[in-house]
Amino acid sequence: MIGVEVLLTVIPGLPKSDLERWIANNWIKPDGRDGAYRFADIDVARVKLILELRDELEVNEAALPVVLLLLDQVYDLRRQIGRINAPVSRRD
Amino acid sequence: MEDPYKALGVAKDATAAQIRSAYRKLAKQHHPDLNPGDAKSEQRFKTVSAANDLLSDPDRRGRFDRGEIDASGQPQAPRSSYREHAEGPAGARYGPGAAYSGGWDEDAFADIFGSAFGGGARGGRDRPARGRDERYTLQTDFLSAVNGATQRLTLPGDRALDAVIPSGTTDGQVLRLRGQGEAGHNGGPSGDALIEIHVAPHAFFERDGRDIRMLLPVTLAEAVLGGPVAAPTPGGSVQLRIPPHSDSGFELRLRGRGVPAHGGHPAGDLYARLRIMVGPPDPALEAFLKTWRPAKPFEPRQTMELP
């Protein structure tokens, strides 16, 4: 778990205002409250993902929630399938 | 390593804008988070990113064009790792849950599999029944598995669980957290949470049962003259005495510096195998070697049968 200041040094070039907006939009869900956010590994990876989607893949912020919603659903399905497959494959 | 121009499908004299546009087009197609589980796409994305990293830097592009560096250039920073997190238990943080409606839930799967396998898995609806065991995977780093650690796991439904990874945990080991699985039905006991631990490899330590092996780089002077060097161990840095005239491949054993004692097993050992590094070019060393006549000349390849 890391705080905002560390996060901004881990991901150089990330404007703090962008991060704050993403948190307000619920795209990033750190623990803790405003002023004392704590970011888990997955939050850091997700910030990088959003930055990459926006800056390299040209998904603008208006379209981002749609992309994130679909990605979240894909990963949810993949986790569910993984959990079903784990006990099944262990029987052989 | 593929030619970066071919990887992006651009001409040798492509402009920076053409390279950028070709990269973006391919990245949109092959980004690993848009193709989870597709190893081909992932490999393609790596190749394309590496090509873009090289060609978008005018200095490195120039050196590549002049043949000063090859296509691999230099190791690139690891790319997007969101998927690794999103597919693990931590991904539940961004799962459907409260934020979206219409997501899949446990019951949807229970319905599908219940009917596929003849149903009735939970028995009568109103009898007390034990909750099911729930399986998760947890990715941990090498040193946490060796030394033990507590890692927070976020379960579906925003439940957090502290999983205690015992010292000496091995890759694939399953931890059972009693009563942390599905809640019981009609007053029955809860199931257990079964957590399969995946241990990420370490940059230079390698597990061998309770022992740990590593390659320890030493300078020419340290190998010939011997002496104390600082060596990393899973428990922290230690001073190690290298005996004089130690060859490359010589192995030192640090007793008790492997996996710490756990569950009745004594601590393992750390084996450090020396690897002599000649270091950057040094005219003085070269001059010395040119005039140096060994007191006892030897042929290191004498035991090899050369044709």
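Protein sequences, first through last, are from chains D and V. So in the numbering used here, spot 79 of the first sequence is number 70, and the numbers just go up one at a time. So in the numbering used here, spot 167 of the second sequence is number 411, and the numbers just go up one at a time. Yeah, the Cβ is synthetic: ideal placement off N, Cα and C, and Gly gets one too.
Please report the distance separating the alpha-carbon of residue i from that of residue j.
{"i": "I439 (chain V)", "j": "D513 (chain V)", "result": "28 angstroms"}
{"i": "N296 (chain V)", "j": "R264 (chain V)", "result": "7 angstroms"}
{"i": "A557 (chain V)", "j": "Y515 (chain V)", "result": "Past the boundaries of the shown model lies residue 557 (chain V); chain V is included only from 245 to 551, so the question cannot be answered."}
{"i": "R451 (chain V)", "j": "G332 (chain V)", "result": "24 angstroms"}
{"i": "D355 (chain V)", "j": "R376 (chain V)", "result": "Any reading at D355 (chain V) must be qualified, since the residue scores a pLDDT of 49, below 50, and its modelled position is unreliable; no value is offered."}
{"i": "L60 (chain D)", "j": "D415 (chain V)", "result": "33 angstroms"}
{"i": "T477 (chain V)", "j": "A258 (chain V)", "result": "49 angstroms"}
{"i": "S434 (chain V)", "j": "R396 (chain V)", "result": "20 angstroms"}
{"i": "G367 (chain V)", "j": "V418 (chain V)", "result": "Its pLDDT being 44, under 50, G367 (chain V) is placed unreliably in this model, and the value from its coordinates should be taken loosely. Using only the alpha carbons, I get a separation of about 27 angstroms."}
{"i": "V390 (chain V)", "j": "G453 (chain V)", "result": "11 angstroms"}
{"i": "A330 (chain V)", "j": "T413 (chain V)", "result": "23 angstroms"}
{"i": "G523 (chain V)", "j": "K534 (chain V)", "result": "17 angstroms"}
{"i": "L387 (chain V)", "j": "V482 (chain V)", "result": "16 angstroms"}
{"i": "G493 (chain V)", "j": "I520 (chain V)", "result": "8 angstroms"}
{"i": "D9 (chain D)", "j": "I(-7) (chain D)", "result": "18 angstroms"}
{"i": "I75 (chain D)", "j": "Y66 (chain D)", "result": "14 angstroms"}
{"i": "L484 (chain V)", "j": "V(-3) (chain D)", "result": "35 angstroms"}
{"i": "Y338 (chain V)", "j": "A283 (chain V)", "result": "24 angstroms"}
{"i": "L298 (chain V)", "j": "L270 (chain V)", "result": "16 angstroms"}
{"i": "D277 (chain V)", "j": "R403 (chain V)", "result": "26 angstroms"}
{"i": "P280 (chain V)", "j": "F449 (chain V)", "result": "30 angstroms"}
{"i": "V(-5) (chain D)", "j": "D309 (chain V)", "result": "41 angstroms"}
{"i": "F542 (chain V)", "j": "E549 (chain V)", "result": "16 angstroms"}
{"i": "R545 (chain V)", "j": "P525 (chain V)", "result": "25 angstroms"}
{"i": "F532 (chain V)", "j": "E246 (chain V)", "result": "42 angstroms"}
{"i": "A342 (chain V)", "j": "Q262 (chain V)", "result": "Low per-residue confidence applies at A342 (chain V): pLDDT is 39, beneath 50, and the placement is therefore not dependable, though the value from the model is reported in the following sentence. Computed Cα separation, rounded: 44 angstroms."}
{"i": "S359 (chain V)", "j": "A407 (chain V)", "result": "Its pLDDT being 42, under 50, S359 (chain V) is placed unreliably in this model, and the coordinates cannot settle the point."}
{"i": "D385 (chain V)", "j": "A334 (chain V)", "result": "15 angstroms"}
{"i": "D63 (chain D)", "j": "I19 (chain D)", "result": "12 angstroms"}
{"i": "L469 (chain V)", "j": "H489 (chain V)", "result": "6 angstroms"}
{"i": "I72 (chain D)", "j": "P302 (chain V)", "result": "45 angstroms"}
{"i": "L48 (chain D)", "j": "Y267 (chain V)", "result": "9 angstroms"}
{"i": "A444 (chain V)", "j": "Q383 (chain V)", "result": "7 angstroms"}
{"i": "P248 (chain V)", "j": "A315 (chain V)", "result": "6 angstroms"}
{"i": "R422 (chain V)", "j": "L405 (chain V)", "result": "12 angstroms"}
{"i": "V57 (chain D)", "j": "D25 (chain D)", "result": "25 angstroms"}
{"i": "I313 (chain V)", "j": "D34 (chain D)", "result": "36 angstroms"}
{"i": "S285 (chain V)", "j": "W536 (chain V)", "result": "55 angstroms"}
{"i": "R538 (chain V)", "j": "R307 (chain V)", "result": "The question names Arg, yet the displayed sequence has Pro at residue 538 (chain V). Going by the C-alpha atoms only, they are around 42 angstroms apart."}
{"i": "N16 (chain D)", "j": "K250 (chain V)", "result": "40 angstroms"}
{"i": "E530 (chain V)", "j": "K540 (chain V)", "result": "20 angstroms"}
{"i": "G507 (chain V)", "j": "R499 (chain V)", "result": "19 angstroms"}
{"i": "I14 (chain D)", "j": "K256 (chain V)", "result": "43 angstroms"}
{"i": "R371 (chain V)", "j": "A31 (chain D)", "result": "41 angstroms"}
{"i": "D491 (chain V)", "j": "D455 (chain V)", "result": "22 angstroms"}
{"i": "V1 (chain D)", "j": "E52 (chain D)", "result": "22 angstroms"}
{"i": "R327 (chain V)", "j": "A27 (chain D)", "result": "26 angstroms"}
{"i": "R305 (chain V)", "j": "L518 (chain V)", "result": "37 angstroms"}
{"i": "G23 (chain D)", "j": "L(-1) (chain D)", "result": "17 angstroms"}
{"i": "E43 (chain D)", "j": "R379 (chain V)", "result": "32 angstroms"}
{"i": "G311 (chain V)", "j": "A474 (chain V)", "result": "39 angstroms"}
Would you kindly check if the distance between the Cβ of residue j and the Cβ of residue i is under 8 angstroms?
{"i": "L84 (chain D)", "j": "R45 (chain D)", "result": "Nothing about residue 84 (chain D) can be reported from this structure: the residues present for chain D run from -8 to 83 only."}
{"i": "G425 (chain V)", "j": "I409 (chain V)", "result": "no"}
{"i": "D436 (chain V)", "j": "R420 (chain V)", "result": "yes"}
{"i": "I486 (chain V)", "j": "A465 (chain V)", "result": "no"}
{"i": "G479 (chain V)", "j": "R501 (chain V)", "result": "yes"}
{"i": "R29 (chain D)", "j": "P21 (chain D)", "result": "yes"}
{"i": "A260 (chain V)", "j": "S300 (chain V)", "result": "yes"}
{"i": "A336 (chain V)", "j": "T291 (chain V)", "result": "no"}
{"i": "H442 (chain V)", "j": "T381 (chain V)", "result": "yes"}
{"i": "P472 (chain V)", "j": "S411 (chain V)", "result": "no"}
{"i": "R579 (chain V)", "j": "H274 (chain V)", "result": "One cannot answer for residue 579 (chain V) here, as it falls past the ends of chain V, which runs 245 to 551."}
- Message: To test your reading of the DSSP string, which unbroken alpha helix (DSSP H) runs of 4 or more residues are found completely within the segment 3 to 76 of chain D?
- Response: 7 to 15 and 32 to 46
- Mind listing which residues of the segment 48 to 75 of chain D have their C-beta closer than 7 angstroms to chain V's C-betas, in chain order? L48, E49, L60, L62, D63, Q64, V65, Y66, D67, L68, R69, R70, Q71, G73, R74 and I75
- Query: Which full runs of the alpha helix (DSSP H) of 4+ residues lie inside the segment 271 to 311 of chain V, going along the chain?
  - Reply: 283 to 299 and 302 to 309
- For the segment 427 to 434 of chain V against the segment 375 to 389 of chain V, are there 3 or more C-beta pairs whose distance is under 8 angstroms? In short, these stretches touch, since the Cβ pair count reaches three.
- Query: Listed from N- to C-terminal order along the chain, which residues in the segment 2 to 36 of chain D have their beta-carbon within a distance smaller than 7 angstroms of any beta-carbon of chain V?
  - Reply: N17, K20, A31, D32, I33 and A36
- Item | Cβ pair count under 8 angstroms reaching 3, the segment 21 to 41 of chain D against the segment -2 to 12 of chain D | yes
- Task: Taking only beta carbons into account, state which residues of the segment 322 to 338 of chain V come closer than 9 angstroms to chain D, listed in chain order.
- Result: R323, S324, S325, Y326, R327, E328, H329, A330, E331, G332, P333, A334, G335, A336, R337 and Y338
- Given 8 angstroms, three or more beta-carbon pairs between the segment 460 to 473 of chain V and the segment 498 to 512 of chain V: no
- chain D contacts made by the segment 264 to 281 of chain V, where a contact means CB separation under 9 angstroms: Y267, R268, A271, K272, H275, D277, L278, P280 and G281
- Task: Using a Cβ-Cβ cut-off of less than 9 angstroms, give me the residues of the segment 448 to 466 of chain V that come near chain D, in sequence order.
- Result: Look at the segment 448 to 466 of chain V: it has no residue with a C-beta under 9 angstroms from a C-beta of chain D.
- Listed in chain order, which residues of the segment 369 to 397 of chain V have Cβ atoms closer than 7 angstroms to some Cβ of chain D? R379
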